[in-house]
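Residue numbers (my numbering), protein chains in the order written: chain A, 1 to 352; chain B, 1001 to 1352; chain C, 2001 to 2352; chain D, 3001 to 3352.
As C-alpha cells, this is what we get:
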C-alpha cells in the first residue's frame, strides 16, 4: 500500500510502498477513506524541536482519519467489519490509574498515531478496536475524518457552562472555529473571536461568531469592553498559544470567569497571576486531547442533535497523492481544515 | 386601583378598589402592564387544601408580572423609575444561611406574592427592589411577564448537562413547554415529551420537541425504547407531578441518568427506589422556584442569545377585567400561557 | 479444592471438592486467605426472590476476599504473582459506554462473583487481573478482605461534601459503620446514626458516631432536632433500606441537603416527594457498588492516611469450615463484619 | 478611644485618640477584644506600591478581630448586643451580580476594613451587621480573632477534594499552616509542605504536616518524588507567591491535578503553561478572600467538628499598646500568628 512516511530524523517525508499492516488480537484494520491534516503534522514534516524529541522513525505520519473496517482481531467485539469508523489517535494503556478512572487522556503511556506508531496518511491503518468509533454510514467523509480535531473543541467547550454566557475564543484555527460552533450550539449568549488572519475571521462568522476582532487592526480591549458593556466575558477558550492572545483573553475575563486553555505557547511566557487569576477568583482548565471516551460520546450527540454544522470548516480537499500541495496550503494559513483522500474518487466535495 | 383579591378563606375572588400601596425604604412601586396566570393561582381561586394551609387573606392574588417602576424607596439603588421590570415572586429574608450563600430559593422565611402578601393581579404592586429585574425596554410584555415561570424551566434545565444528550420531559404545561425550548437551546440531542393533552403536545412540537407521546393513546415505553435504540434517556425533567408520569419517566432513564423533579404529586406516592434510583446510580434534583439571582441572570442570557423563542407559549391574552374568562380557559387546559393586561390597549397581541 | 457452593436452585449450600479453576489469558488465580460475609450472601443461602431471579447455579458463593496471586494469564501486566490482593466483585465488560467513561459500576453486562460466576468461599478463585487490587503485604487480612464492602461506604461518602457538616447515617450494619468512619475522617462536624440494634449502635460509637438513636426506644425526630438546634442535617446516608428509616432520614434533612441512598427497600414504598425532595431542593444520589476504579483509589488513600481504623468493624472470625456457625451469627445481627479463613491458622485474630 | 491610624500617605502609623464611631441603621458597634496582624498590614505600614495604590487615609489599620457587640442599628436582626462576634473584612455591596449569586468575594465594590474604611486596631469598630459572625461565648479570643485568615485557608482547601489524596502546601505562613490543618481534617492521605524558614516548618509539623522541605537546604523535587513514589501530588495549595515555589509546586503536580493559588507574586512571572497546566490537564483555581458567607459556615463547622486545633498557629500575644514590638516580630518572620489585645488583661495566653 502507499504510505506517507518520515523515514529518518529530519525535515520532509516520502510516499512509499509498504505492506498492509498485520492485525493483532485486539485490533482492527481500517481502509482509510479520508484523512485530515493537523497543525502537528506540519511540525512533524518540518522537524521542529518538539518533533525531534517525540517522533520515532520510521513512521507513517497523520492521525485524523475515517475509513471502513476491513478486518478485525480474534478478541474484537466491536466495531464490525464493513462499518464506517473514525479514530481516536491516542492509544492508551488501559491499566494505569488514569485509564481506569475515565481519564485516559492523561495516560502516561499514550502512544500517538503518526508519532509513536504508524498513522493515517496511508491506504490502511491498524489501531486497537477501542480507538475506532462507529459513524453513521452516510456521514460525509470529510466531517467524519476531522472528528478527532472536533473532539478538542468539544472537550474545551465542556469544562465551562456557556449557556446564556459570553464567550471569547482567542485563535480561529480549525479547532477554534469548531469551538465557536459548539459554544453556539450550547446556548452561548454571544461568542467573540480573535485571530490575526481575516480569512479565518470570515470563517468564524460563518461558524456562528457574533463578533470577530483582528488585533493587528482593532483595539481588542476596547471592542470587547464595548461588546460586553464593560463587564468582560464569562468564559475564555484560549486556542492560539500566542502570549499576546493569552494576555488579551485573561484581561477580558470577568471575576469568577472560567478559562479553558488548549493552545500551546511552546515556551515559558510572562504571566500576571495576581490580576488574571487570583484577584479574579478565576478557574483555569488545561485541555489536552479528548476525554476517552466521554468526549467521543458527546461529539456524537452534538453532531446528531443537528445543532452543529461542521461543513464550513472543511475548506479544501486533495488527493493523498497531492500531499505536497495540501501541506503547502496548510503552511500558508489560508484555509480551514484540509482533507486528503487516498482514493480521490471518494471525495465528498470538489478537489483542489 | 383595581385589584383581584381573595377577601376571606374559601373559593372564588373579587375585583375590588383598594388604595395604591405605600412604598417602603427598600421597595419599588410598579405599575403592572401584564400579569400571567400560574397553575398555583387556580389552586388559590379553588381554595384547595394547599391554598387553605398557606394563603393569608385578604390578599391580592397573582405573582407573575411585568411593569414600569413608578416610585422607589429612599434606599433603593436599582432599578430606576421608568424602567421596565419583571418580578421574582419569592420575597426572601437576606439573613438566613441560605440567603447568604446564594440559595435564596431555600429561604425558610420566604413570602410569596399573591399568597402571603399582595400580588400581581392589580394595577400596581409594591415589591422589594431586589425582586425587580430590569428588562430591555422593547421586550414584548407577554414574554416579560412569564419570566418567573420561565425561570422554573431554566432552573430545571440547569441542574443536568443536556448538550448532546437525550432528554425526556414528562408534562407539557407552560413550564414543560419552556423546558423543551431551553433543552434544545442548550444543544440536547433530542427532546421527547409526554402529556395527556394533544393540544399541549402540538405546542411541544412548536417549542422544538423531537417526539411527543400521549400515554392515553400510545405505549410510551415502546415509543421511547424505539426512539432511543433501547438505551433510554440521559435526562428526565419531571414537570407533571403525576405518579404515572413519574414511573414512566424513571423507567425510561438510563443508568447514570439525571432526573430533575419540579411537578408536585401533592401526596405520598408509591415509588420503586431500587430500580429507579439505586441500581441505576441515578441522581435526582428537587427543583423549587428559581435560584435567586443566578437563574434570573441565566434567563436573561438565554433570552438574549436568540436561541429561545418563547412567543408560542403565550396562546391567549385577556383584559384583566375579563379575568373570569381567563381563569375558565386555564381550567380547561386548552391553552399555553394566559396573560392578562390591566390596560388592554397595551396588549402585545390580539385579545381573546 | 474446597468450595462452598449452591448446587441447584433453592435454600442452603454445600462444601464440596472441585478442581482449582483454570486461568484465562487476562486472569489471575488467587489463593483465598480471608473472605468476609455480605448481607447478600444471606439472601443467596436463603434463596429469597432476588436470589431466585439472579443466581446462576451451580456456583461458588461469596464475593469479598483477599489472597495471594498464585498464577497469572499470558496478557496480565499487573498484579504480580506473590502479591497480596483484594478483589472488586463486579466483573465488567470494558466495552460499553459506562465502562469506557469511568462508570464501570453501571456496566449493564456486569457479572457478580458468587452470583453469576464462581466466588470467594473457596480455597482458590479466578478473576480478571483488573479486578485484583494490590494491598500492602502487611495489611491485616480481615481488613483487606472487607474492602469491597468498605468501598460501598466510601462511594456513598464521596457524593456529598461532609467536611464541617452534620451527617445522619440511617442503618448501622457494616457498611453504615464504615460510612461513619469515613465521614469523620473527612471532617464531618457531627455524625448521628440510627439502628434498631443496640449492639450495632455501640459499634457505631466505637467507629466515631457523635450520637446514636434507636427508633424502637427514642423519639428520633426530637433527638435529632435537639442535636441540630432544629436545623436538621446537611447530609443523609441511607444504609438501611427500611421505609421508616427513609422517611425519618428525609424528615431530618435540611433544605438544600444531600441524600445518598445505598440501602435497598426491596419493594415499592410510599414516599413524599413534595416535602422530602422538591420543596427542599434536595439532591439524591443512588449508590450502587463502587466506582471502578475511582473508589478503590480513594479507599487506598483513606486507609493509608491513617485517619480510619476499620478494625472494630470486624467482630468475629471463623474457619471457613465453620461456615454454618458464621452464617448463623450473621443471621442473628449480633455482629459487625464476619470473616472466614480457608486456612484458620492465618487468622489475624482469635477465632470464634 | 485609642486607634492605630495611618494619618497620611507614607510609611508608619500612629496611636491616636478618636471618637467612638457612630452606628448606622444596618451596622453594629463592636468593642474589639483581640485583633491579629495580617501580612497585608505590614505592607500598609511600610507603604509599599500596593498600599500607595489602595489605602485611603486617614484610616484605622487592621482587619482581623473579635469582640463584643455593644450597640446595633435600627434595622439589625442579628447579631445581638452582648454576643461575641468575629468579622469578615470585606464589606460588600449586596447589589451586584456577584453579591446576588453567593459570590460576594468577587464584588467589585468591596471596601476593605483597614484599607478603605476604619479597621480593627482600635478599641471599637463599626461594621455592617452582616459582616459580624457570632462565635461561641467561650471561644478563645486569639482563635476567634484569626478566623478571617483561617477563612482563606478553608476557602483554598474547599476547591479541591483532598480526602485520600496527597497535598503539597508551598509556603508555611499562618494561612499555609492553617491549610495544612484543614487538609488533614478533611482526610488527606499526606500533606507535604515547603518554606524557607525552619521556624515555620517546625510549626507545620505541629499542625499535622507529614513531611516538610526547605528548598534552601533540600532537593525538593527529589524529596517529593521519593515521598510520592515518583507520582507527584494530587493537589497543590500555593500559599507563598514566590515564583520558585510556584514552579516547584506545579512540577510536583500529577496529571489531572488541582492547584489552588492564594499567594500573590506581586508582579508578572515566567510560567510554563504547556508542561504545568495544558499537557497535565490540570485545573487551577484563583483564591481570593472567603466565599461570603459559605466559607464562614464551613469554618464554623470545621472548628466545631473538633478536627482542627488552631492554637499552635498563635505564637505571640501583645498588648495593642505594644504594637511596635508586635510589628517588628511580624517583620522578622520568626512567628506564626501575632494577636494584639486592646485590654491586655483579656489575653488568652501569656503576653510577649
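Just so it is clear, CB atoms sit at the ideal spot from N, CA and C, and this is done for glycine as well.
Classification of residue i by the beta-carbon crowding that lies within 10 angstroms, buried from 16 upward
i	result
residue 1170 of chain B	buried
residue 1280 of chain B	buried
residue 3152 of chain D	buried
residue 2103 of chain C	buried
residue 2088 of chain C	buried
residue 3138 of chain D	exposed
residue 3054 of chain D	exposed
residue 3125 of chain D	buried
residue 1109 of chain B	exposed
residue 1131 of chain B	buried
residue 2184 of chain C	buried
residue 2334 of chain C	exposed
Terminal residues of the beta strand (DSSP E) in which residue i lies
i	result
residue 2269 of chain C	2269-2271
residue 3030 of chain D	3027-3036
residue 1236 of chain B	1233-1238
residue 3286 of chain D	3283-3286
residue 1132 of chain B	1132-1134
residue 3014 of chain D	3014-3017
residue 1086 of chain B	1084-1087
residue 212 of chain A	211-213
residue 139 of chain A	Premise fails: residue 139 of chain A is in no beta strand (DSSP E) and is neither H nor E.
residue 2023 of chain C	Run containing residue 2023 of chain C: none; DSSP gives neither H nor E here.
residue 1079 of chain B	No beta strand (DSSP E) contains residue 1079 of chain B, which DSSP labels as neither H nor E.
residue 68 of chain A	64-72
Distance, residue j Cα to residue i Cα
i	j	result
residue 1133 of chain B	residue 1294 of chain B	12 Å
residue 1208 of chain B	residue 1309 of chain B	10 Å
residue 1271 of chain B	residue 1352 of chain B	42 Å
residue 1157 of chain B	residue 1179 of chain B	6 Å
residue 116 of chain A	residue 41 of chain A	13 Å
residue 249 of chain A	residue 259 of chain A	9 Å
residue 3165 of chain D	residue 186 of chain A	34 Å
residue 2044 of chain C	residue 119 of chain A	52 Å
residue 81 of chain A	residue 12 of chain A	35 Å
residue 1001 of chain B	residue 204 of chain A	54 Å
residue 2159 of chain C	residue 2285 of chain C	7 Å
residue 3079 of chain D	residue 3129 of chain D	7 Å
residue 2314 of chain C	residue 3282 of chain D	40 Å
N- and C-terminal bounds of the alpha helix (DSSP H) containing residue i
i	result
residue 258 of chain A	Segment 253-261 is the beta strand (DSSP E) holding residue 258 of chain A; no alpha helix (DSSP H) there.
residue 2179 of chain C	2174-2185
residue 3302 of chain D	3294-3305
residue 2151 of chain C	2147-2158
Near-chain C residues of the stretch 1262-1277 of chain B - C-beta to any C-beta below 9 Å: 1262, 1263, 1264, 1265, 1266, 1267, 1268, 1269, 1270, 1271, 1272, 1273, 1274, 1276, 1277
Interface residues of the stretch 1162-1188 of chain B facing chain A [CB-CB below 7 Å]: From the stretch 1162-1188 of chain B, only 1163, 1164, 1165, 1185, 1186, 1187, 1188 have a Cβ closer than 7 Å to chain A.
Interfacial residues, the stretch 3304-3323 of chain D to chain C, with Cβ spacing under 9 Å: Listed in sequence order: 3304, 3305, 3306, 3307, 3308.
Members of the stretch 2197-2230 of chain C that neighbour chain B once the beta carbon cut-off is set at 7 Å: none
Residues in the stretch 3099-3122 of chain D having any Cβ partner in chain A nearer than 8 Å: 3103, 3105, 3106, 3108
Near-chain B residues of the stretch 56-90 of chain A - C-beta to any C-beta below 7 Å: none
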